[in-house]
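*Asks:* In the working numbering, the protein residues as written are 4 to 414.
After the C-alpha cells below, expect a handful of questions from me.
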Amino acid sequence: MTTVTRITTRDARFQLKGGAGSDAVHDINVYSYAITELQSDDGLQGSGIVLTLAGGNELVCRLIEQLATPLVGQEIESLMADFGHSLKNIADHPQYRWLGPHKGMVHLALASLANACFDLWAKSRGLPLWQLLLDLSPEQIVNLLDLSYLQGVLEREEALALLRKERRGRSQRQSILKTGYPGYDTSIGWFNYSDEKVKTNIKEAVDQGFTAMKLKVGSRNPERDIRRAHMVREAAGEAATIMLDCNQQWTLPQALSMCLRLADMNPYWIEEPTHPDDVLAHQTLARAIAPMRVALGEHVPNRVLFKNFMQAGAMYFVQADCTRLAGISEFITVSLLARRFGLPIVPHVGDMGQIHQHLVLFNHIALGHDVLLLEYIPHMRDFFIHPAVVEDGVYKTPQEPGSSSDMVAVA
C-alpha cells in the first residue's frame, strides 16, 4: 500500500547559454520546471514536471499546492483506479477553473500534479511507466481519462473498442522495446545560432546517427529564413528529414507566402505556423500548402482544442505534450483522438523527452500508432537523475521504475 502523505513543490530554473533554446518569439531562455513531489508513507516519492521559461514558475508551484489538497491521504492504487474522475474534479475546482478553463497556469499545475501521480504509481509497482501502462487492461486505461466534451467524437465505448482491437497486434509491435525509438535533433538550428554554428551542429548530429533535424524560422527578414532553410538542406543532404518551426510568428498571409516559398527545400513539416488558437487559419493554410504538412501542439492546451483542429483538418502531425496538456492522462486522450482521425503523434518534449520516451512506446504498442520520431533536446540531461539514453539517434528503452522525471537538487 502506498498512500500520499505530503505534497511539496520545487521551483527549478536552469539558464541556457550561447543561444540554446532560442526561437522567433522566446529569446531569453531559462528552462524551468514547476515540480510536484508526492511523498508517501512507504518512503517513495512521485515526481511531476511541467516546463516554463522562468517567469511565473513560482505561481504554478503555488497553484499545484492549492489543487493538490484532495490527494493527501489517498492510496495510489485506489486513486488511479478512477483517475479520470479525480482529475476532472480537480480541473473543475469552482474557483480556479475560472482562471482557465483548462489552459494557462492552472492547467500547467494540473499537469505537474497528474504526472507526479503516474510516477508514484509506477514506482509503487516497481515498473517503468511504459511497462505499467502496457500492463493495464483497456478498461483500466479508459478509467484514467477524462473524456468529457468529446461526446460524439470519442465515446468511452469507442475508446475501449480501439484499445481492444489493437491488443491483437501487440506482439509484433513489441520489437520496438529492443530496437528503441528514433529521435530527431531539435538543437541543430536554434534561432540565435549563427550559420556556421548551425552547419557545425548538423555535421555533429549526422555523426551521432541523427537523420532528422529541425531549424527555427520566423525571422522578421523572410530572406534569412529562406537562406537558412536551404543551407540546412544542403548541409544535411537530400535524404535528411528537415522540419521547420515558426513558433507562431507568422500571420496567416505571411504563413501562406512563406510556406510556398519554402516548399522547394522539401520540409517534412511546418510547425506552429501561426497563432495556436486559430483553428480556421490553420485549416486554410493546411489546404493551401498540401501536400506539405502542418505540425501543431506545443501551445495547444487541452483535448477539446485538439479535437477541433483534427475535425477541421487543420493539423496533420499531432505534437501533444504531457507537460502542456493535463499530464499523461490527457496525453493518452489526445493519442486516442489522433487514432480516431488517422493522424500521427510526434510529441513536443517540454519534458526533454524524459516522460515521452515512455509514452511513444505505449502509443505504438497499445494504440497502434506508427513509429515516427521523438524530439531530442540535450541541454537538460545533467539535471535528470536518469536522463534519457540516446545512441545512434535512437532513444533506448528506459528500465528504471517511474516516469524518468526525478531531477537532481539544485541551489
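Every residue, glycine too, gets a C-beta built ideally from N, C-alpha and C.
Every value quoted in this text rests on a predicted model; they were computed, and no experiment measured them.
Measuring alpha carbon to alpha carbon, tell me which residue in I67, R231 and E394 is nearest L41.
*Replies:* I67
*Asks:* Since C325 contacts F334 with CB under 8 Å, what's their CB separation in whole angstroms?
*Replies:* With a contact defined as Cβ atoms closer than 8 Å, C325 and F334 qualify at about 4 Å.
*Asks:* Buried or exposed, going by whether 16 or more other CB atoms sit within 10 Å of the CB of W253?
*Replies:* Around the beta-carbon of W253, 16 or more other beta-carbon atoms lie within 10 Å, marking it buried.
*Asks:* What's the call for E432, buried or exposed, on a 16-neighbour Cβ count within 10 Å?
*Replies:* Past the edges of the chain, shown from 4 to 414, lies residue 432, and the structure says nothing about it.
*Asks:* What's the C-alpha gap between P350 and Q286?
*Replies:* 21 Å
*Asks:* Taking the C-alpha atoms as reference points, what is the distance between N32 and R16?
*Replies:* 10 Å
*Asks:* For V7, which beta-bridge partners are listed by DSSP?
*Replies:* The bridge partners DSSP lists for V7 are S43.
*Asks:* Can at least three beta-carbon pairs, one atom from the region 378-386 and one from the region 93-103, be found at a separation below 8 Å?
*Replies:* The region 378-386 and the region 93-103 do not touch, with fewer than 3 CB-CB distances between them shorter than 8 Å.
*Asks:* For E403, which of helix, strand or coil comes out of DSSP?
*Replies:* The answer is coil: DSSP assigns E403 none of H, G, I, E or B.
*Asks:* Just list the alpha helix (DSSP H) runs in the region 246-317, keeping only unbroken ones of 4 residues or longer that don't cross its boundaries, in chain order.
*Replies:* The qualifying runs are 255-265, 282-292 and 306-314.
*Asks:* Going by DSSP in three states, G49 sits in which element: helix, strand or coil?
*Replies:* strand
*Asks:* Can you give me the C-alpha to C-alpha distance between S408 and I388, rounded to a whole angstrom?
*Replies:* S408 and I388 have their C-alpha atoms roughly 8 Å apart.
*Asks:* Under a three-way DSSP split, which group does A215 fall into?
*Replies:* Reduced to three states, the DSSP call for A215 is strand.
*Asks:* Going by DSSP, what residue range makes up the alpha helix (DSSP H) through I368?
*Replies:* H359 to L370
*Asks:* Quick check: the Cα distance between Q251 and A242, rounded to an integer number of angstroms?
*Replies:* 27 Å
*Asks:* Is there contact here, the region 365-383 with the region 187-196, by at least three beta-carbon pairs under 8 Å?
*Replies:* yes
*Asks:* Using a Cβ-Cβ cut-off of 6 Å (strictly less than) and excluding sequence neighbours within five positions of G129, which residues of its own chain qualify?
*Replies:* P404
*Asks:* Quick check on DSSP: helix, strand or coil for I380?
*Replies:* The answer is coil: DSSP assigns I380 none of H, G, I, E or B.
*Asks:* For the alpha helix (DSSP H) that contains T203, what are its first and last residues?
*Replies:* D198 to D210
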